[in-house]
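Engineer: Numbering (the numbering used here), first residue to last: 11 to 545.
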């Protein structure tokens with residue numbers, strides 16, 4: 011009826027200029043109302059996104075990472091994550107009470123004896139962890155048909171035998187449960203992966219829940235594809251990243267170097283550093299609360315507490331390193347003898363049959379400046395640095411399943427946005443219960459930079475000593491995933507530069523990280539299926 015009336019008015023308007031003007035105004039008003047209605051809807055959508063992005067990062071993290079990492083845990087062929095077979099063996103060794111690995115004399119293919127480090131484990135596990143890259147129905151049935159061995163066998167895994175096993179207990183418990191239920195080794199590995207997923211998500215969620223600052227950087231670190239891939243494996247690095255994130259979050263809550271949160275953060279950092287001593291520079295972050303509250307010169311008790319926090323973060327690593335060096339650590343055997351590189355100060359005709367840390371140390375002692383020059387030179391090669399950056403974002407499998415090039419660019423931009431958000435747009439420390447002194451506030455980001463750069467230097471120095479041919483001019487062995495714990499820890503000591511901005515602008519810098527996390531939820535399973543299941 012209204013349509014008929016409208017058509018009548020339209021017909022009359024053609025004959026009357028006054029009615030034509032009124033009709034035009036009516037149509038214009040109707041269009042304005044429609045635009046306003048659309049604008050309100052768009053604002054509501056934006057408000058919803060803003061709420062999800064800023065208020066609910068913890069739930070968003072769980073909603074994205076839990077299903078994605080579970081799917082990866084169940085679909086990636088066993089052993090097709092970097093170093094996963096060695097990590098499986100280290101976890102399985104705990105079932106035989108091997109808190110420490112052991113040394114054993116083995117023989118290579120040429121009959122030469124060499125000293126090795128490893129664990130005694132069930133051979134059924136390593137048989138499953140040697141799955142083919144391409145999965146098929148017949149390959150899956152073969153893996154399921156593998157049974158437990160009757161006796162343990164010594165396996166050479168010198169890279170994991172020296173680790174403090176704190177982050178292997180979830181996998182070990184899952185393997186023990188599977189064996190007690192008479193499940194197959196294949197099922198035991200899947201259960202170990204799932205246990206790592208659950209622990210990673212739980213610890214990561216706590217980190218995002220407790221963090222008062224640095225949430226965007228923490229969220230990015232925990233949802234970056236490399237972290238999600240590691241979470242769905244038996245590689246302990248996933249729990250090491252999550253523990254560093256939780257320690258960082260707790261330090262953002264500590265208004266003084268005291269309280270339960272502060273000491274838990276110290277214990278977490280102590281565990282991270284004990285597992286991988288090159289991260290020892292992260293212990294400096296235990297000074298963040300005393301600097302942030304500008305109480306350094308007032309309370310000697312706070313100074314003593316901060317020193318106690320540093321000791322808590324470093325002593326376990328010192329003790330464990332001393333024990334493992336005495337009882338487990340061995341030079342990594344190489345199957346092709348080699349002559350030393352040009353930096354070797356000894357006889358250049360010497361033949362080495364292993365990577366020799368004691369000989370490599372002479373390179374540093376002969377010219378101590380190389381302690382700083384070699385890392386700079388090694389990082390100065392663009393292809394190496396760019397490759398390590400890509401590995402940090404993700405290069406799956408045994409570093410043979412890269413992401414599309416555009417994904418690396420997008421994640422780099424998202425990480426940059428996360429840092430901008432946390433540095434410029436988060437609440438000032440004075441609003442989170444801290445009284446900040448202008449001069450001391452400048453020390454805080456410098457402390458964070460020292461911890462991160464010190465961690466990178468520690469990793470490179472250790473790689474030169476243990477993973478590089480004697481006398482080489484470049485450091486070998488650095489992998490991008492080693493940088494993720496440093497990225498997580500850095501969130502606790504970012505600069506705080508207040509910038510007046512609308513909530514819309516703040517959201518513009520927060521949303522790219524969440525968008526990339528959502529993208530990974532879709533793209534990672536597709537990449538895994540196309541790599542391992544489609545011919």
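The beta-carbon is built from N, C-alpha and C at its ideal position, and this holds for glycine as well. Computed from a predicted model, the values in this text were never measured in an experiment.
1. Counting contacts by CB-CB distance shorter than 8 Å, is residue 96 in contact with chain B?
2. Pick helix, strand or coil for residue 482, following the three-state DSSP scheme.
3. Compare the Cα-Cα distances from residue 460 to each of 432, 289, 361, 99 and report the closest residue.
4. Give the C-beta separation of residue 270 and residue 75 to the nearest angstrom, bearing in mind that I take them to be a contact with Cβ-Cβ under 8 Å.
5. Do residue 454 and residue 247 have their C-beta atoms closer together than 8 Å?
6. What does the Cβ neighbour count give for residue 524, buried or exposed, with the cut at 16 atoms within 10 Å?
7. Expressed to the nearest angstrom, what Euclidean distance is found between the alpha-carbon atoms of residue 183 and residue 208?
8. Taking 8 Å as the threshold, find out whether the region 327-335 comes into contact with the region 496-511 through three or more Cβ pairs.
9. Note down, in chain order, each residue of its chain lying with its Cβ closer than 8 Å to the Cβ of residue 316, except the 5 sequence neighbours on either side.
10. Residue 540: which of 158, 145, 338, 530 sits nearest, CA to CA?
11. If you follow the beta strand (DSSP E) that residue 129 is part of, which residue opens it and which one closes it?
12. Can you give me the Cβ contacts of residue 313 inside the same chain, cut-off strictly under 6 Å, excluding the 5 residues immediately before and after it?
13. For residue 244 and residue 139, what's the separation of their Cα atoms in angstroms?
14. For residue 382, which of helix, strand or coil comes out of DSSP?
15. To the nearest angstrom, how far is the alpha carbon of residue 252 from that of residue 125?
16. Measure the CB-CB distance between residue 469 and residue 488 and report whether it falls below 8 Å.
17. Please report the residue range of the beta strand (DSSP E) in which residue 524 lies.
18. With residue 234 and residue 421 assumed to form a contact (beta carbons below 8 Å), what rounded beta-carbon distance in angstroms separates them?
19. Going straight from the alpha carbon of residue 186 to that of residue 198, what length do you get?
20. Considering Cα atoms alone, identify which of 264, 205, 225 is closest to residue 249.
21. Taking all protein chains shown into account, do 16 or more other C-beta atoms lie within 10 angstroms of the C-beta of residue 532, making it buried, or fewer, making it exposed?
22. Kindly identify the DSSP beta-bridge partner or partners of residue 343.
23. Select from 176, 221, 71 the residue whose C-alpha is nearest the C-alpha of residue 211.
24. Let me know the secondary structure DSSP gives residue 143 once reduced to three states.
25. Assuming the contact rule is C-beta atoms closer than 8 Å, residue 217 and residue 228 should be a hit. Round their C-beta distance to whole Å, please.
26. Whole angstroms are fine: how far does the CA of residue 364 sit from the CA of residue 425?
27. Under a Cβ-count criterion, where at least 16 other Cβ atoms within 10 Å of its own Cβ denotes burial, should residue 358 be classed as buried or exposed?
28. For residue 223, does the count of other Cβ atoms within 10 angstroms reach 16, so buried, or fall short, so exposed?
29. Would DSSP call residue 88 helix, strand or coil?
30. For residue 401, I'd like the list of residues in its chain whose CB is within less than 8 Å of its CB, leaving aside the five on either flank, ordered along the chain.
31. Can you name the start and end residues of the beta strand (DSSP E) that residue 436 belongs to?
32. Buried or exposed for residue 521, please, with buried defined as at least 16 other CB atoms from any protein chain shown within 10 angstroms of its CB.
33. Since residue 165 and residue 131 are thought to touch, with beta carbons under 8 Å apart, how far apart are those beta carbons, to the nearest angstrom?
34. For residue 377, which option in 483, 263, 87 has the closest C-alpha, if you only look at C-alpha atoms?
35. Just list the alpha helix (DSSP H) runs in the region 387-434, keeping only unbroken ones of 4 residues or longer that don't cross its boundaries, in chain order.
36. At the level of alpha carbons, what is the spacing between residue 156 and residue 202?
Structural biologist: In this structure, then:
1. Of the protein chains in the structure, only one exists, and it is not chain B.
2. Indexing the chain shown from 1 puts residue 482 at position 472. Looking at residue 482 - three-state DSSP - the assignment turns out to be coil, as it is neither helix nor strand.
3. The residue labelled residue 460 in the question sits at position 450 within the chain shown. Measuring from the Cα of residue 460, the nearest candidate turns out to be 289.
4. Reading the chain shown from its first residue, position 260 is the one you call residue 270. Reading the chain shown from its first residue, position 65 is the one you call residue 75. That pair is no contact at about 27 Å.
5. Taking the first residue of the chain shown as 1, we reach residue 454 at position 444. Taking the first residue of the chain shown as 1, we reach residue 247 at position 237. No, the pair does not count as a contact, with Cβ atoms beyond the cut-off.
6. Residue mapping note: residue 524 aligns to position 514 of the chain shown, counting from 1. The residue in question, residue 524, is buried, as its Cβ has 16 or more Cβ neighbours within 10 Å.
7. Translated into positions along the chain shown, residue 183 becomes position 173. Translated into positions along the chain shown, residue 208 becomes position 198. In a straight line, the C-alpha of residue 183 is about 13 Å away from that of residue 208.
8. Contact between the region 327-335 and the region 496-511 is absent, because fewer than three Cβ pairs lie under 8 Å.
9. Within the chain shown, numbered from 1, the residue matching residue 316 stands at position 306. Excluding positions up to five away in sequence, the list reads 267, 296, 297, 299, 300.
10. Position 530 of the chain shown, counted from the first residue, corresponds to residue 540. Out of 158, 145, 338, 530, 145 has the C-alpha closest to the C-alpha of residue 540.
11. As a working note, residue 129 is residue 119 in the chain shown. Run containing residue 129: 123-131, per the beta strand (DSSP E) assignment.
12. Translated into the one-based positions of the chain shown, residue 313 becomes position 303. Non-local C-beta neighbours of residue 313 in its own chain, meaning closer than 6 Å and more than five positions away in sequence, are absent.
13. Locating residue 244 in the chain shown gives position 234, where the first residue counts as 1. Locating residue 139 in the chain shown gives position 129, where the first residue counts as 1. Put simply, the backbone Cα of residue 244 is about 11 Å away from that of residue 139.
14. By 1-based counting over the chain shown, the position of residue 382 is 372. Residue state, collapsed to three classes: helix.
15. As a position in the chain shown, residue 252 is number 242, starting the count at 1. As a position in the chain shown, residue 125 is number 115, starting the count at 1. One Cα belongs to residue 252, the other to residue 125, and the distance between them is close to 34 Å.
16. The sequence position of residue 469 within the chain shown is 459, counting from 1. The sequence position of residue 488 within the chain shown is 478, counting from 1. Cβ atoms of residue 469 and residue 488: closer than 8 Å.
17. Here residue 524 is taken as the residue at index 514 of the chain shown, counted from 1. It is not in any beta strand (DSSP E) - residue 524 instead sits in the alpha helix (DSSP H) that spans 513-542.
18. As a working note, residue 234 is residue 224 in the chain shown. As a working note, residue 421 is residue 411 in the chain shown. About 7 Å; that satisfies the 8 Å criterion.
19. Residue numbering aside, residue 186 sits at position 176 when the chain shown is read from its first letter. Residue numbering aside, residue 198 sits at position 188 when the chain shown is read from its first letter. Rounded to the nearest whole angstrom, the C-alpha separation of residue 186 and residue 198 is 8 Å.
20. Against the chain shown, residue 249 aligns to sequence position 239. Checked all of 264, 205, 225; the closest Cα to residue 249 is 205.
21. By 1-based counting over the chain shown, the position of residue 532 is 522. Exposed is the call here.
22. Position 333 of the chain shown, counted from the first residue, corresponds to residue 343. 364, per the DSSP bridge assignment.
23. The sequence position of residue 211 within the chain shown is 201, counting from 1. Cα-wise, what sits closest to residue 211 is 71.
24. Position 133 of the chain shown, counted from the first residue, corresponds to residue 143. Looking at residue 143 - three-state DSSP - the assignment turns out to be coil, as it is neither helix nor strand.
25. The sequence position of residue 217 within the chain shown is 207, counting from 1. The sequence position of residue 228 within the chain shown is 218, counting from 1. About 6 Å separates the two Cβ atoms, so the contact holds.
26. As a first step, residue 425 must be located in the chain shown, where it is residue number 415. As a first step, residue 364 must be located in the chain shown, where it is residue number 354. Whole-angstrom Cα-Cα distance: 39 Å.
27. For the purposes of this step, residue 358 is taken as residue 348 along the chain shown, with counting starting at 1. Looking at its Cβ environment, which holds fewer than 16 other Cβ atoms inside 10 Å, residue 358 is exposed.
28. As a first step, residue 223 is located in the chain shown; it is residue number 213 there, counting from the start. With 16 or more other Cβ atoms inside 10 Å of its own Cβ, residue 223 counts as buried.
29. Here residue 88 refers to the residue found at position 78 when the chain shown is read from its first residue. Residue 88 falls in the coil class under three-state DSSP.
30. Looking up residue 401 in the chain shown gives position 391. Around residue 401: 236, 409, 489, 490, 491.
31. Against the chain shown, residue 436 aligns to sequence position 426. Where residue 436 is concerned, there is no enclosing beta strand (DSSP E), because DSSP gives it neither an H nor an E.
32. One-based indexing of the chain shown puts residue 521 at position 511. Its Cβ being crowded by 16 or more others within 10 Å, residue 521 is buried.
33. Within the chain shown, numbered from 1, the residue matching residue 165 stands at position 155. Within the chain shown, numbered from 1, the residue matching residue 131 stands at position 121. Taking C-beta atoms under 8 Å as the contact rule, residue 165 and residue 131 qualify, at a distance of about 6 Å.
34. As a working mapping, residue 377 is identified with position 367 in the chain shown. The shortest Cα separation from residue 377 among 483, 263, 87 belongs to 483.
35. Listed in chain order, they are 392-404, 406-409, 415-430.
36. Taking the chain shown and counting its residues from 1, one reaches residue 156 at position 146. Taking the chain shown and counting its residues from 1, one reaches residue 202 at position 192. Their Cα atoms are separated by approximately 17 Å.
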